[in-house]
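Numbering of the sequence shown is given in my numbering, commencing with residue 1060 and proceeding in unit increments. All residues carry an ideal CB built from backbone N, CA and C; glycine is no exception. Since we're looking at a predicted model, the values are computed, not measured.
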Amino acid sequence: MDAALFADQAMGLREHLLATPLAQRFELDREHYLLFINFEGLAIDTTADIADVERHVERLLASFVTGPAERVPWW
């Protein structure tokens, strides 16, 4: 058995059970040209967190967006 079951401090079950890995928060609907990102419960505390989200989006869209004409300006 896990020793944490018998410890006096909280086990952090809520955080552990509700935590969704960043990679599982993205869904691309290619048919409808929609990208869904689940930000529920996601903590963005540093610029590194923002960079992680950006990398996931870029990686996901790399095979989908093949040229500059398909890109949407962010400004």
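Residue interval of the beta strand (DSSP E) (run including residue i)
| i | result |
| --- | --- |
| I1096 | 1093-1096 |
| E1086 | 1085-1088 |
CA-to-CA distance, residue j to residue i, given in whole angstroms
| i | j | result |
| --- | --- | --- |
| Q1188 | M1060 | In the structure as shown, the chain starts at 1060 and stops at 1134, and residue 1188 therefore has no counterpart that could be examined. |
| E1113 | F1065 | 41 Å |
| D1104 | L1120 | 24 Å |
| V1124 | F1085 | 16 Å |
| R1118 | R1089 | 14 Å |
| P1132 | V1116 | 15 Å |
| P1127 | N1097 | 26 Å |
Own chain partners of residue i with C-beta closer than 8 Å, once the 5 adjacent residues on each side are dropped
| i | result |
| --- | --- |
| S1122 | none |
Whole-angstrom C-beta distance between residue j and residue i, which should lie under 8 Å
| i | j | result |
| --- | --- | --- |
| L1081 | D1111 | 6 Å |
| M1070 | A1063 | 5 Å |
Residue i - containing alpha helix (DSSP H), residue span
| i | result |
| --- | --- |
| I1103 | It is not in any alpha helix (DSSP H) - I1103 carries neither H nor E in the DSSP assignment. |
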